[in-house]
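Line by line, the protein sequences are chains A and B. If you use this note's numbering, the first sequence closes out at 320, no skipped numbers anywhere. If you use this note's numbering, the second sequence closes out at 473, no skipped numbers anywhere.
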Amino acid sequence: MKIPEEELLAPGHRGCAGCGATIGVRLALKVLGRNTVAISSTGCLEVITTPYPETSWEIPWIHVGFENAGAVASGVERALKAQGKEDVNVVAFAGDGGTADIGMQALSGAMERGHNLIYICYDNEAYMNTGIQRSGATPYGASTTTSPHGKESFGENKPKKNVPMIMAAHGVPYVATASISYPEDFMQKVKKAAETEGPAYIHLNQPCTTGWGYDTSKTIDLGRLAVETGSWILYEIVEGEFKVTYRPMQRKPVSEYLNAQKRFKHLEDEEKAKIQEYVDQVCTELRI
Amino acid sequence: MVLKVMTANKAIAEAVRLARPQVIPVYPITPQTSISEYLAQFVADGDIDSEYIMVESEHTSMSAAIGASGAGVRVFTATSSQGLALMHEVLFAAAGLRTPIVMANANRALAAPLSIWNDHQDSISQRDTGWIQIYVEDGQEALDSVLRSYKISEDKDVLLPSMVCLDGFILTHTVEPVDIPSQEDVDSFLPKYVPEHLYLDPERPMSIGTLADPNYYMEARYHLELAMERSMDVIKKVNKEFSEIFGREYGSVEEYYCDDAEIILITMGSLCSTIRDVVDDLRKDGEKVGMLKIRTYRPFPKEDIHKAIKNAHKVAVLDKNITFGVGGALYTDLKSSISDVDIYGFIVGLGGRDITPTHLKDIVNKTKNPTQDITWIGLKEGV
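Structure, rendered in structure tokens:
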């Protein structure tokens, strides 16, 4: 796959060194090109890319609120349609909090109504913009500032909310998971999403150096470890047909992924074993 | 002129048809619902070429309206009460982003306790969001105000959203004769919206809704205030243009026997019609009573009000809302802007409580012989 050199998210933004969210946006925009309008929910991405009077966005971009990326995108899409600009890509970028939690209703509405738009959830598995508070997408065992580990707690005690499957249940014609560490896989999915008539949903796993606690040079490595250990599975659902798009040659033990991050450092072997057991169960079903 | 009989909700829908918004995101709520329904039918019948989005909440109808307006088209939406309250957060965004959205609000009380009936608490509670607010007295004014609002909102000296407030049930569901202007006249009054400040066009990329740190935020708010102040003159200019084409006058306030009145009743909305009758009655008995209708609540037409009431001895302000611990909102606004006339506040008609001519005459008497600053009218005893 030839990856365009042109960058539509300019450097100089305020993202942390090793920021995974901006890598995801850069890759997506390389596929979508300039004929695109982007919508952001409130969150890291919005804050770091648009400190007035500067902006990193080389394409038209709008942000209104935290919980309404799906709603704003709906309005943008119909306004473009009304102007005969149906060829313009409409893409929403929202974090996991803005998607799995506070933005779920607006997202559900937008998907159910069948707007022709792409919704990309950049999932760093907690509210990172405000300092690492748990979201519905925080995985089991992770320590966050609102699900901290302590004498009476091992951290987050609920499994991650499965948003892509919720989207699939809406009958969304194209649903996919992806990782910034597998750019070709992700970009192929963005391309398919853009070619889909109607809504498309991509759930993008995106390691966060600040929130996960690892060296800033290791973002891509962490994304790979998530997939290679079976902790994050790359798949797509095209018109209801489920297909795994990447199978690691040899699944690595989950502890390699957990031990590389500060947010899981506190876990006892017993909890790690539970996580391994859960991953094994899912992967066995999917023959990964 | 051909008059047709219809509810004010139908009149609003007719105005929307004539204004040709390109996107209409709506969510139904009593007593606004028939506006959503009429518009859906217009689209279904091909009477209007708009993208109609039946959304899943009012937060989304306003968010989608902002997105559509940001993308450069004329937008309409409508709501009421709980729905308007749910929009609260994004009403600030609509004004802050300078989207010239026009919205009708069917005035209804807010829960708890749950009430579907009329008062002004819903829109009054949104007065600080940066929206222009117009309160109407009848179906004709409802229709005309939607058309006027687009013209005011889209004026380059304003670029603020407008809310047309009509009393739930009293207007929304009452059938009255209404003149529906011709499409030709409306098109000449209200040409196609061509935004110069806000668009999402890949040919001319723009970032809308950025983060403003303390070095920039305050100026953004100040410019919004300046726009609201400038809208006063624009409202006058639009009134002139409107009356030249359609023959109806709409100033920010409307006087009824104010010139020689010793006591003036001030209020907004459909209650003005009842007050006109009471003023006529009392005038027959030789009482020098007048009425001042506030049509534009935001921007607050302080100078027009002062001019109208400066000769009065006393003023009674009738509020269908309550700012707890202070009094009605219109009363407190008047108190803060007028110092040379005695002003008394009356809380009336909350949650659809009837306001009868007897109540209004009681208000006149209580204003003549005041015992307190704020009086609740029509309360049941011992409840």
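Note that beta-carbon positions come from the ideal geometry of N, C-alpha and C, so glycine has one too.
Rounded to the nearest angstrom, what separates Ser-321 (chain B) and Tyr-387 (chain B) at their Cα positions? The sequence position of residue 321 (chain B) within the second sequence is 231, counting from 1. The sequence position of residue 387 (chain B) within the second sequence is 297, counting from 1. About 12 Å.
One question on the structure: do Ser-124 (chain B) and Glu-227 (chain B) come within less than 9 Å of each other, judged by their Cβ atoms? Counted from its first residue, the second sequence places residue 124 (chain B) at position 34. Counted from its first residue, the second sequence places residue 227 (chain B) at position 137. No.
Pop quiz: Gly-173 (chain A) and Ile-55 (chain A) are said to be a contact at Cβ under 8 Å. What is the actual Cβ separation, rounded to whole angstroms? In the first sequence, residue 173 (chain A) corresponds to position 141, counting from 1. In the first sequence, residue 55 (chain A) corresponds to position 23, counting from 1. Actually they do not touch by this definition, with Cβ atoms about 25 Å apart.
Quick one: residues in its chain with C-beta nearer than 6 Å to the C-beta of Asp-247 (chain B), no 5 flanking neighbours on either side, listed in chain order? For this step, residue 247 (chain B) is matched to residue 157 along the second sequence. Apart from the 5 residues on each side of it in sequence, Asp-247 (chain B) sits with its Cβ closer than 6 Å to the Cβ of Arg-320 and Val-324 in its chain, given in chain order.
Considering only their Cβ atoms, is the gap separating His-45 (chain A) from Ile-71 (chain A) smaller than 9 Å? Here residue 71 (chain A) is taken as the residue at index 39 of the first sequence, counted from 1. Here residue 45 (chain A) is taken as the residue at index 13 of the first sequence, counted from 1. Result no, Cβ atoms of Ile-71 (chain A) and His-45 (chain A) do not sit closer than 9 Å.
Opposite Asn-195 (chain B) in the DSSP bridges: which residues? Residue 195 (chain B) sits at position 105 when you count from the first residue of the second sequence. Answer is B:Thr-169 and B:Cys-255.
Assuming the contact rule is C-beta atoms closer than 8 Å, Glu-268 (chain A) and Val-207 (chain A) should be a hit. Round their C-beta distance to whole Å, please. Taking the first sequence and counting its residues from 1, the one referred to as residue 268 (chain A) is at position 236. Taking the first sequence and counting its residues from 1, the one referred to as residue 207 (chain A) is at position 175. Glu-268 (chain A) to Val-207 (chain A), Cβ: 7 Å. Contact.
Please report whether the beta-carbon of Gly-299 (chain B) lies at a distance below 9 Å from any beta-carbon of chain A. As a working mapping, residue 299 (chain B) is identified with position 209 in the second sequence. At least one chain A Cβ lies under 9 Å of Gly-299 (chain B).
Among B:Val-369, B:Tyr-312 and B:Glu-393, the one whose alpha carbon lies nearest that of Tyr-65 (chain B): Examination of residue 65 (chain B) is not possible in this model, given that chain B is present from 91 through 473 alone.
Return yes when the Cβ of Glu-141 (chain B) is within less than 9 Å of the Cβ of Val-113 (chain B), no when it is not. Along the second sequence, one-based indexing puts residue 113 (chain B) at 23. Along the second sequence, one-based indexing puts residue 141 (chain B) at 51. Result yes, Cβ atoms of Val-113 (chain B) and Glu-141 (chain B) sit closer than 9 Å.
Who are the near neighbours of Asp-245 (chain B) in its chain, counting only those whose CB is closer than 6 Å to its CB and skipping five residues on each side? Mapped onto the second sequence, residue 245 (chain B) falls at position 155. So the qualifying residues of the chain are Val-324.
Length of the line joining the Cα atoms of Trp-244 (chain A) and Leu-408 (chain B): Start at 1 with the first residue of the first sequence, and residue 244 (chain A) comes out as number 212. Start at 1 with the first residue of the second sequence, and residue 408 (chain B) comes out as number 318. Roughly 59 Å between the two C-alpha positions.
Please report the residue range of the beta strand (DSSP E) in which Phe-436 (chain B) lies. In the second sequence, residue 436 (chain B) corresponds to position 346, counting from 1. Counting along the chain, the beta strand (DSSP E) containing Phe-436 (chain B) begins and ends at 432-437.
If we define contact as Cβ-Cβ less than 9 Å, is Ser-106 (chain A) a contact residue for chain B? Locating residue 106 (chain A) in the first sequence gives position 74, counting from the first residue. Yes, contact with chain B.
Note down, in chain order, every chain B residue with its Cβ under 8 Å from the Cβ of Leu-112 (chain A). Here residue 112 (chain A) is taken as the residue at index 80 of the first sequence, counted from 1. Result: Ala-161 and Leu-290.
Report the option in B:Ala-154, B:Gly-468 and B:Leu-280 whose CA atom is closest to the CA atom of Ser-272 (chain B). For the purposes of this step, residue 272 (chain B) is taken as the residue at position 182 of the second sequence. Taking only the C-alpha atoms, the option nearest Ser-272 (chain B) is B:Leu-280.
Have a look at the DSSP bridge pairing and note the partners of Glu-321 (chain A). For residue 321 (chain A) there is no data in the structure shown, the boundaries of chain A being 33 and 320.
Any C-beta of chain B within less than 9 Å: which residues of the region 81-92 of chain A qualify? Residues of the region 81-92 of chain A that bring their beta carbon within less than 9 Å of a beta carbon in chain B comprise Thr-81, Thr-82, Pro-83, Tyr-84, Pro-85, Glu-86, Thr-87, Ser-88, Trp-89, Glu-90, Ile-91 and Pro-92, in sequence order.
Give the DSSP-derived three-state secondary structure of Ala-310 (chain B) in the structure shown. As a first step, residue 310 (chain B) must be located in the second sequence, where it is residue number 220. DSSP places Ala-310 (chain B) in helix when its eight states are reduced to three.
Buried versus exposed call for Pro-304 (chain B) [16 or more other C-beta atoms within 10 Å across all chains shown]: Within the second sequence, residue 304 (chain B) is the residue found at index 214, counting from 1. Pro-304 (chain B) should be labelled exposed.
Going by beta-carbon coordinates alone, are Arg-311 (chain B) and Leu-250 (chain B) separated by less than 9 Å? Sequence index remark: in the second sequence, residue 311 (chain B) carries index 221 (1-based). Sequence index remark: in the second sequence, residue 250 (chain B) carries index 160 (1-based). No, Cβ-Cβ distance for Arg-311 (chain B) and Leu-250 (chain B) is not below 9 Å.
Using a Cβ cut-off of 9 Å (strictly closer), state whether Gly-136 (chain B) contacts chain A. On the second sequence, residue 136 (chain B) is found 46 positions in, with the first residue counted as 1. Residue contact with chain A for Gly-136 (chain B): absent (no Cβ-Cβ distance below 9 Å to any residue of chain A).
Taking 9 Å as the threshold (beta carbon to beta carbon), is Met-253 (chain B) in contact with chain A? Within the second sequence, the letter at position 163 stands for residue 253 (chain B). It does not: the Cβ of Met-253 (chain B) has no partner Cβ on chain A nearer than 9 Å.
Classify Tyr-307 (chain B) as buried or exposed, calling it buried when 16 or more other Cβ atoms lie within 10 Å of its own Cβ. In the second sequence, residue 307 (chain B) corresponds to position 217, counting from 1. With a threshold of 16 other beta carbon atoms within 10 Å, Tyr-307 (chain B) falls short and is exposed.
Sequence-distant residues of its chain with Cβ nearer than 8 Å to Lys-224 (chain A) (five each side left out): Locating residue 224 (chain A) in the first sequence gives position 192, where the first residue counts as 1. For Lys-224 (chain A), where only same-chain residues beyond five positions count, the Cβ hits under 8 Å are Tyr-206, Ala-208, Ala-232, Glu-268 and Val-270.
Does any residue of chain A bring its CB to less than 9 Å from the CB of Gln-112 (chain B)? As a first step, residue 112 (chain B) is located in the second sequence; it is residue number 22 there, counting from the start. Nearest CB-CB separation between Gln-112 (chain B) and chain A: below the 9 Å threshold.
Give the DSSP-derived three-state secondary structure of Glu-266 (chain B) in the structure shown. In the second sequence, the residue the question calls residue 266 (chain B) occupies position 176. Here Glu-266 (chain B) sits in strand by DSSP.
Taking the Cβ atom as the reference point for each residue, do Ser-159 (chain B) and Ile-191 (chain B) lie within a distance shorter than 9 Å? Sequence index remark: in the second sequence, residue 159 (chain B) carries index 69 (1-based). Sequence index remark: in the second sequence, residue 191 (chain B) carries index 101 (1-based). Against a cut-off of 9 Å, the Cβ pair of Ile-191 (chain B) and Ser-159 (chain B) comes out as a contact.
What is the DSSP secondary structure of Asn-189 (chain A), counted as helix, strand or coil? As a first step, residue 189 (chain A) is located in the first sequence; it is residue number 157 there, counting from the start. Asn-189 (chain A): coil per DSSP, three-state reduction.
Cross-strand partners of Met-177 (chain B) (DSSP beta bridge): Numbered from 1 along the second sequence, position 87 holds the residue referred to as residue 177 (chain B). DSSP lists no partner for Met-177 (chain B).
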